[in-house]
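Trainee: I have a structure I would like to understand better, so I am pasting it below and will then ask my questions one at a time.
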Amino acid sequence: MKYVSRNGKATVTFEKQEYSLNNQPFDNTFLSDTVVVDEAGTTPVKINCKKRLGGTYVYCNNPEMLASPDIDTVLMEDKHLSGDVVFTFENSNHSGVDLRMGYRLYNDSGKDATVTVTNIGVQWEGEWLGQKEWSDYYSLKFDLPEDYFNTDGSVHEAYFGCDFVDYTPTLYVPQIITVPDGKYIYVMGGTSEDSYGGFTAGDTGDKFLKVGKCGNGVVKFNIEGEMTGSFLCYTDPQNVPYGKAQQGYIVSRDGRDYSAQYKGTDHTAGLIETEAVFVSGNDTADGPIPVTYDYWSDNNCASKNQPYQLYEREKFTYSGPAYHYAINPNGNDKYIGTDMMVFECVDTEGRPIIIDNDRADGAGKPANTGNWMIQYTDNLTFVNSSDCEKRFKVYKKGSISGVLATIVRDTAGNIKRAFMNVQPYSFNSPEEAFAGINKDKLMLSHGRYWPVMANGQPFPELLEERTLVYETVLQPKSAARISIDAIILANSCGGLETKVTSEKI
118 MKYVSRNGKA
128 TVTFEKQEYS
138 LNNQPFDNTF
148 LSDTVVVDEA
158 GTTPVKINCK
168 KRLGGTYVYC
178 NNPEMLASPD
188 IDTVLMEDKH
198 LSGDVVFTFE
208 NSNHSGVDLR
218 MGYRLYNDSG
228 KDATVTVTNI
238 GVQWEGEWLG
248 QKEWSDYYSL
258 KFDLPEDYFN
268 TDGSVHEAYF
278 GCDFVDYTPT
288 LYVPQIITVP
298 DGKYIYVMGG
308 TSEDSYGGFT
318 AGDTGDKFLK
328 VGKCGNGVVK
338 FNIEGEMTGS
348 FLCYTDPQNV
358 PYGKAQQGYI
368 VSRDGRDYSA
378 QYKGTDHTAG
388 LIETEAVFVS
398 GNDTADGPIP
408 VTYDYWSDNN
418 CASKNQPYQL
428 YEREKFTYSG
438 PAYHYAINPN
448 GNDKYIGTDM
458 MVFECVDTEG
468 RPIIIDNDRA
478 DGAGKPANTG
488 NWMIQYTDNL
498 TFVNSSDCEK
508 RFKVYKKGSI
518 SGVLATIVRD
528 TAGNIKRAFM
538 NVQPYSFNSP
548 EEAFAGINKD
558 KLMLSHGRYW
568 PVMANGQPFP
578 ELLEERTLVY
588 ETVLQPKSAA
598 RISIDAIILA
608 NSCGGLETKV
618 TSEKI
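The sequence shown begins at 118 in the working numbering and counts up one residue at a time.
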């Protein structure tokens, strides 16, 4: 790192390093090796958040609770898939029978197509959030909170029902297969008996999603050529032949509302990138470094309640101590919005529809999208332009329910930390607590009843320290860089907040 100061400006240049992907699905790429900053450190940091272009992201969570009408169906389909593709799903089985599920690639292009599966993680049982799924996908063992396990290896009672385990992931070796015209394979799940060459990806095939269980999956693959991708739910593969119409987005069925559960395809990579430079100078106050960004929202969206009704979004500017993303900005001030997926799909009649920030969903409401199961990568530069040592800290917080996984990488791609911030269940009242929870040890905090943690406090009192993802100490006139990946597991919580602080030492 080279730091040059002139006329109140600092030019910081970082040396190029040999880079390793380290089995990760995406690289962490900074826009430039050089940044020029105002050394005073009094200007709010401009946040730029965008979806990486290229590739395709496919998501299925509709219907979330699979019932008997979903047996032997094509839940969703994409024709003319090519290049890099990420597919994710979360569904639970309430159909009454054990189910097969698989993402099928059918070669209908008239010539050979070559498929390379690079990363995969699937979980057919266990806890519903997908600890093993994402550990396998990233080939990483994620640390859990220090108080999750007791000294004897058992799970602390505060985490009852979370069902996370001490898990060492499977190191997936990429698979490559050339598929002739008129043949198909499964790149996730599925059955080897009908797949060309008996191919299934990793150890995910020939499995059942059993009654009452929740399945989670994520796979990244590349297609040289063109193929049709279909997500199947079946008992017999002959019942879901190529050409069977896809099910479409279900708004309601048999009196049950499915409208806030979505499926669809976004024609970007499935990676949200934010790049920001945080400067702390002699005049920078200790605490959060202020940020600013524009967002677009229709504050009257609640009055536009027809299915797929277009919104009239206006530009607003947010300035504050943290930046916010991973939720629909309509009716939610301060959320960036440029990160949100645009889901293209069809309705149950086969008519093309779009679910996004620009319109209501199928029930005439702002889409309940939270960018679940999509990787966020924040590429952060820290500059200490002051005359004293300073400590920089990064806090990344999801909602107060669910699980947020984070990965810290340096500019060479080395993994510095991988952590899953498992949070205990909370309740509106002690009477709502499920069997196994010690109701006598629930404490009221932030309007809900929480289990007592190992230190005797309810969980919300620990939230700030639990959301600390990274910290570093910089000498005067120096700089550093780090990348932080974040993934909201399953459909557990929408909305992320990132805060960067600095303080004199």
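Backbone N, C-alpha and C define an ideal beta-carbon position, used for all residues, glycine too.
1) Return the residue from the list Ser-271, Leu-388, Val-336 that minimises the CA-CA distance to Tyr-254.
2) If I measure Cβ to Cβ from Pro-483 and keep anything under 7 Å in the same chain, skipping five residues before and after, which residues do I get?
3) Are the Cβ atoms of Lys-513 and Ile-453 separated by less than 8 Å?
4) Taking the Cβ atom as the reference point for each residue, do Glu-250 and Lys-327 lie within a distance shorter than 8 Å?
5) Can you give the beta carbon distance from Tyr-174 to Asp-383, rounded, assuming they're within the 8 Å contact cut?
6) In its own chain, which residues sit with a C-beta less than 6 Å from the C-beta of Gly-315, not counting the 5 before and 5 after it?
7) On a CA-only basis, which of Tyr-442, Thr-618, Asp-374 is nearest Ser-516? Give me that one, please.
8) Do Ala-597 and Phe-536 have their CB atoms nearer than 8 Å?
9) What distance in whole Å lies between the Cβ atoms of Gly-227 and Asp-298, which are believed to be in contact at a cut-off of 8 Å?
10) Just the Cα atoms here: how many angstroms apart are Leu-148 and Thr-528?
11) Do you know offhand how far Asn-333's Cα is from Ile-302's?
12) Scan the stretch 239–300 and note each continuous beta strand (DSSP E) run of 3 residues or more that stays entirely inside, going in chain order.
13) Considering only their Cβ atoms, is the gap separating Asp-400 from Glu-620 smaller than 8 Å?
14) When DSSP labels each residue in this structure, what does Phe-395 get in the three-state scheme?
15) Can you tell me whether Ser-436 is buried or exposed, with buried defined as 16 or more other CB within 10 angstroms of its CB?
16) By Cβ distance, which residues of its chain are closer than 7 Å to Asp-323, with the 5 residues on each side in sequence left out?
17) Assuming Arg-221 is part of the beta strand (DSSP E), what are its boundary residues?
18) Spatial neighbours of Glu-506 within its chain, please: CB distance less than 8 Å, with the 5 preceding and 5 following residues excluded, ordered by chain position.
19) Tell me, please, which residues DSSP counts as bridged to Met-118.
20) Looking only at its own chain, which residues have a Cβ that is under 6 Å from the Cβ of Glu-194, when we skip the five neighbours before and after it?
21) Looking at Asn-538 and Pro-262, is the spacing between their C-beta atoms short of 8 Å?
22) Below 8 Å, can you find three or more Cβ-Cβ pairs linking the stretch 150–157 to the stretch 373–388?
23) Would you grab the beta carbon distance between Gly-171 and Gly-387 for me? Rounded to a whole angstrom, and I think it's under 8 Å.
24) Using a Cβ-Cβ distance cut-off of 8 Å, determine whether Gln-248 contacts chain B.
25) Please classify Gly-553: is it buried, with 16 or more other beta-carbons within 10 angstroms of its beta-carbon, or exposed?
26) Here's a check: name, in chain order, each residue in its chain whose Cβ is nearer than 8 Å to the Cβ of Glu-181, leaving out the five neighbours to either side.
27) Buried or exposed: Asn-124, going by 16 or more other Cβ atoms within 10 Å of its Cβ?
28) CB-CB under 6 Å to Thr-190, same chain, minus the five flanking residues each way: which ones, in chain order?
29) With distance defined between alpha-carbon atoms, name the residue in Leu-580, Asn-474, Ile-471 nearest to Gly-519.
30) Considering only residues of the same chain and omitting the five flanking positions on each side of Asp-415, which have a CB-CB separation below 6 Å?
31) Hey, Glu-450 and Asn-488 are a contact pair by Cβ (cut 8 Å); roughly how many whole angstroms apart?
32) Please return the same chain residues whose Cβ sits closer than 7 Å to the Cβ of Thr-205, not counting the five positions on each side in sequence.
33) Taking all protein chains shown into account, do 16 or more other C-beta atoms lie within 10 angstroms of the C-beta of Ile-293, making it buried, or fewer, making it exposed?
34) Can you say whether Gln-423 is buried or exposed, counting buried as having 16 or more other CB atoms within 10 angstroms of its CB?
35) Quick one: what's got a C-beta closer than 7 Å to Tyr-276's C-beta in the same chain, skipping five residues either side?
36) Going residue by residue through the stretch 162–201, where are the continuous beta strand (DSSP E) segments of at least 3 residues, counting only ones entirely within it?
Mentor: If we stick to the structure as given:
1) Val-336
2) Cys-418, Asn-445, Asn-447, Gly-448, Ala-477
3) With contacts defined by Cβ atoms closer than 8 Å, Lys-513 and Ile-453 do not form a contacting pair.
4) no
5) 5 Å
6) Ser-309
7) Ranked by Cα distance from Ser-516, the first of Tyr-442, Thr-618, Asp-374 is Tyr-442.
8) no
9) Contact flag correct, Cβ pair sits at about 5 Å.
10) 12 Å
11) 20 Å
12) 292–296
13) no
14) Reduced to three states, the DSSP call for Phe-395 is strand.
15) exposed
16) Around Asp-323: Thr-308, Ser-309, Thr-317.
17) 217–223
18) Val-590, Leu-591, Gln-592, Pro-593, Lys-621, Ile-622
19) None; Met-118 has no bridge partner.
20) Same-chain partners within the cutoff: Ser-347, Gln-363.
21) yes
22) Taking 8 Å as the limit for Cβ pairs, the verdict is that the stretch 373–388 does not touch the stretch 150–157.
23) Going by Cβ atoms, the distance from Gly-171 to Gly-387 rounds to 10 Å, so no, they are not a contact pair.
24) Reference to chain B is not applicable here, since this structure consists of a single protein chain.
25) Classified as exposed, Gly-553 has fewer than 16 neighbouring CB atoms from the shown chains inside 10 Å of its CB.
26) Glu-207, Asn-208, Ser-209, Tyr-375, Gln-378, Asn-608
27) Looking at its Cβ environment, which holds fewer than 16 other Cβ atoms inside 10 Å, Asn-124 is exposed.
28) Around Thr-190: Cys-350, Gln-364.
29) Leu-580
30) Tyr-428, Glu-429, Arg-430, Asn-447
31) Here residue 450 is Asp; the residue named in the question, Glu, does not match the sequence. That belief does not hold up - the Cβ atoms of Asp-450 and Asn-488 are roughly 18 Å apart, past 8 Å.
32) Tyr-176, Gly-334, Val-335, Met-490
33) exposed
34) exposed
35) Tyr-265, Val-539, Pro-541
36) 165–168, 173–177
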